[in-house]
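When we follow this note's numbering, the leftmost residue of the sequence shown carries the number -1, and every step to the right adds one.
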Amino acid sequence: MSRKVNKSASTSQPNLRPAANTASPPRGKTSPRPGSPDTPLVDTEKFTKAELLSELREEISSLFKKELTAAFAENLTSIRSDIQQLKTDLSSDITTMRQEFAGLRSTVTGMEQSLSTCTDDIVHLQAKVDAMSKELAKLENKCEDLESRSRRNNIRIVGVPEENVLSATDVSVLLMEAFQLGKEPLVDRAHRTLAPKPNTGERPRAVVVRLHYYADCARILQKARELQRVQINNMTISVFPDHTAKTARARAAFNEVRRQLRGIQGVRFGILYPARLRITYQGMQRDFVSPDEAKEYIKIITTR
């Protein structure tokens, strides 16, 4: 009996009414059944569009993800290979640079040692050059002194025409007559200066005379300073000491100063050997070895 009851209950269940919570259509209107020709398709279309859009979004999103993932994976692989290659290149370059730096370091070390050696040699050579320069100056002064001493008995006669050929005897007679000496001075030799023979009408070369005794030389020079120029045998001669070229240049540097001093009254001056100008003014005596210093002193005494 129980089985029959259950079977009837199960077969009669589709005929049950819908649940009480289901919405009942309003009165006066009958709700159309779904699938009937009179049912509106608005809700169904909206639902379908929403599902389609959702599925489309998911597909597009998954497609973008796949493409981006593939692109990123490819790019990352390429970037990794590039970075690895860059690392390799940098490592190789760094190794090469280190080797070059090591070579440069050794080269610089060698150059420093060479420069240090050269500097020491230069200092040594500089000291040697300074010592040799001092020795050379000393030898030059000694040679100048020896040459000057060898010319102590020499005089120079200026103004003798070139056509006059003078022997030692002729020069001795000329000096005795020109300076009214008591006897003929003893002349060892006489010759013209070693300059090219001048043309006609040009200034004749000086005659260098070597006297045997220094006393005769000093007496002749003293009279020559007193007489300045001497007229004899239709010629005008002057006699000067026979100085070296260096001494002659140093004495000639005072020519302008001596010309200025001649125009100042009360001033006495003279050139001492080898080239020292002595000025005496108002009882005060001063010596000058520089023409510029002498000119400054002349300005001072002329403005008083």
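In this text, a Cβ means the ideal position worked out from N, Cα and C, and glycines have one as well.
message = Whole angstroms are fine: how far does the CA of glutamate 182 sit from the CA of histidine 210?
response = 12 Å
inquiry  = Tell me the rounded alpha-carbon separation between serine 90 and leucine 113.
reply    = 34 Å
query = Going straight from the alpha carbon of glycine 101 to that of threonine 115, what length do you get?
reply = 21 Å
query = For serine 236, which of helix, strand or coil comes out of DSSP?
reply = strand
ask   = Excluding five sequence neighbours on each side, which residues of the same chain lie with their C-beta closer than 7 Å to the C-beta of arginine 227?
value = Thr234 and Ser236
inquiry  = With three or more C-beta pairs closer than 8 Å as the rule, is the region 243 to 262 touching the region 167 to 185?
reply    = no
ask   = Taking Cβ positions, are alanine 222 and valine 207 nearer each other than 8 Å?
value = no
task = Have a look at isoleucine 218 and valine 169 and give me their C-alpha separation to the nearest angstrom.
result = 12 Å
query = If you draw a straight line from the alpha carbon of serine 148 to that of methionine 109, how long is it in whole angstroms?
reply = 56 Å
message = Cutting at 8 Å between CB atoms, please list the residues of its own chain near threonine 300, excluding the five before and the five after it.
response = Ile262
message = Quick check on the DSSP output: the alpha helix (DSSP H) that includes lysine 176 runs from which residue to which?
response = A small correction: the amino acid at residue 176 is alanine; lysine does not occupy that position in the sequence shown. Segment 166 to 177, the alpha helix (DSSP H) holding alanine 176.
request  = Return the first residue and the last residue of the alpha helix (DSSP H) that asparagine 253 is part of.
outcome  = 253 to 260
request  = Identify the continuous beta strand (DSSP E) that holds leucine 275 and give its terminal residues.
outcome  = 274 to 279
N- and C-terminal bounds of the alpha helix (DSSP H) containing glutamine 220 = 212 to 225
query = For glycine 268, which of helix, strand or coil comes out of DSSP?
reply = strand
Identity of the residue in Thr42, Ser165 and Leu137 nearest arginine 190 by Cα = Ser165
ask   = Got a sec, what are the start and stop residues for the alpha helix (DSSP H) arginine 249 sits in?
value = 243 to 250
inquiry  = Short of 7 Å in beta carbon distance, which residues of its chain neighbour glutamate 142, apart from the five on each side in sequence? Order them along the chain.
reply    = Thr242 and Lys244
request  = Classify proline 239 as buried or exposed, calling it buried when 16 or more other Cβ atoms lie within 10 Å of its own Cβ.
outcome  = buried
request  = Within the same chain, show all residues whose beta-carbon is closer than 6 Å to that of proline 289, passing over the 5 residues directly before and after it, in chain order.
outcome  = Ala251, Phe252 and Val255
task = Assign isoleucine 120 to one of two classes, buried (16 or more other C-beta atoms within 10 Å of its C-beta) or exposed (fewer than that).
result = exposed
message = Check for me: the beta strand (DSSP E) holding alanine 188 runs from which residue to which?
response = 185 to 190
inquiry  = Need the endpoints of the beta strand (DSSP E) that arginine 154 sits in, please.
reply    = 152 to 156
request  = Tell whether a beta-carbon distance below 8 Å holds between glycine 264 and arginine 276.
outcome  = no
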